[in-house]
Amino acid sequence: MVAQTSSLPVLPWPLKPLRHSIALQRELDDFIAVAVREAPNRGAGWEEIAAVTSISVGSLKKRFSRTQVTKAVHARRKRRPGRRSTPAVTVTIQNSPACETPSDEEIQLWNAQDALARALSHLHRSSGLSVRAIAVQASISPSHAYRLMAGERSPSWPTVRCFALACDNDPNDLVDLWNAAAGQPDNQPDAGYDLALARFQGAIRGLHLAEARPDPATLDQLSTRQPPVIVGDPPEPPRSHPRSALGVTPA
Numbered sequence: 025m026v027a028q029t030s031s032l033p034v035l036p037w038p039l040k041p042l043r044h045s046i047a048l049q050r051e052l053d054d055f056i057a058v059a060v061r062e063a064p065n066r067g068a069g070w071e072e073i074a075a076v077t078s079i080s081v082g083s084l085k086k087r088f089s090r091t092q093v094t095k096a097v098h099a100r101r102k103r104r105p106g107r108r109s110t111p112a113v114t115v116t117i118q119n120s121p122a123c124e125t126p127s128d129e130e131i132q133l134w135n136a137q138d139a140l141a142r143a144l145s146h147l148h149r150s151s152g153l154s155v156r157a158i159a160v161q162a163s164i165s166p167s168h169a170y171r172l173m174a175g176e177r178s179p180s181w182p183t184v185r186c187f188a189l190a191c192d193n194d195p196n197d198l199v200d201l202w203n204a205a206a207g208q209p210d211n212q213p214d215a216g217y218d219l220a221l222a223r224f225q226g227a228i229r230g231l232h233l234a235e236a237r238p239d240p241a242t243l244d245q246l247s248t249r250q251p252p253v254i255v256g257d258p259p260e261p262p263r264s265h266p267r268s269a270l271g272v273t274p275a
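Heads up: the sequence shown runs through residues 25 to 275, numbered per our numbering.
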């Protein structure tokens, strides 16, 4: 009765309204995924995002990882291709490339660029400085600094080094993150134990920085899980504790 007197069009029951609802839910899910992925790059902490979404930090990082969101965006493009407008003149397009799923190497590079952007963003938040103050010391514009922290620009190493120094952080912690984000192969010759250890510790501190420097209790919870030992296998030699690379003495 209401549907007959309403000015809205009456949809045939029962499948069409269901299809519309599912399509709307997919659009909302895509929007939430991109919003969650972008929030840390814009200065929000994972704890704040967890409070808004009522999802744990661990579940957020797993569910809305860079790889998962990238796949969702590509799936949406295939599901909703762009509308074709009628051109004013006839244009012949030759060898038009099809939209392809990104390769594993491309996804790995995007993840590395995202890690570097998250590290720079955390350096800014923990420094207590304004973006303008960091940009002046790094000899870049504030808008460029924002784009670096959002992962929209690929910085040069001098820029990353000056950014870290402006935030009172050791630039060596960002060497491996920048190499991975720039696609630079790790082909440095073996320079001895001391240098190799320093590089390893810097790489660990860089990964720790990209994850917003989780506290030692969280690191202990993730690092104390041991794989099951198969009977007959020789015991593994003792390994250095992950916290030692961060300058923290294990309890």
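For each residue, glycine too, the CB sits at the ideal point set by N, CA and C.
So for residue i, helix, strand or coil by DSSP?
i, result
"PHE88", "coil"
"CYS191", "coil"
"PRO238", "coil"
"PRO126", "coil"
"GLY207", "coil"
"ILE79", "coil"
"ALA220", "helix"
Buried or exposed, going by whether 16 or more other CB atoms sit within 10 Å of the CB of residue i?
i, result
"ILE164", "buried"
"SER145", "buried"
"ALA143", "buried"
"HIS148", "buried"
"ARG229", "buried"
"PRO64", "buried"
"ILE56", "exposed"
Expressed to the nearest angstrom, what Euclidean distance is found between the alpha-carbon atoms of residue i and residue j?
i, j, result
"GLY226", "ILE131", "24 Å"
"LEU189", "ARG50", "43 Å"
"SER78", "LEU219", "44 Å"
"LEU221", "HIS44", "57 Å"
"SER178", "GLU129", "17 Å"
"GLN245", "ALA159", "37 Å"
Whose CA, out of the options, lies closest to the CA of residue i?
i, options, result
"PHE224", "ASP200, VAL76, ALA206, LEU233", "ASP200"
"LYS102", "LYS86, GLY82, THR125, VAL93", "THR125"
"GLU176", "ASN203, ASN193, ASP192, ALA136", "ALA136"
Point to revise | Unbroken stretches of the alpha helix (DSSP H), 4 residues or longer, contained in the region 140-199 | key: 155-162, 166-173, 181-190, all fully within the region 140-199.
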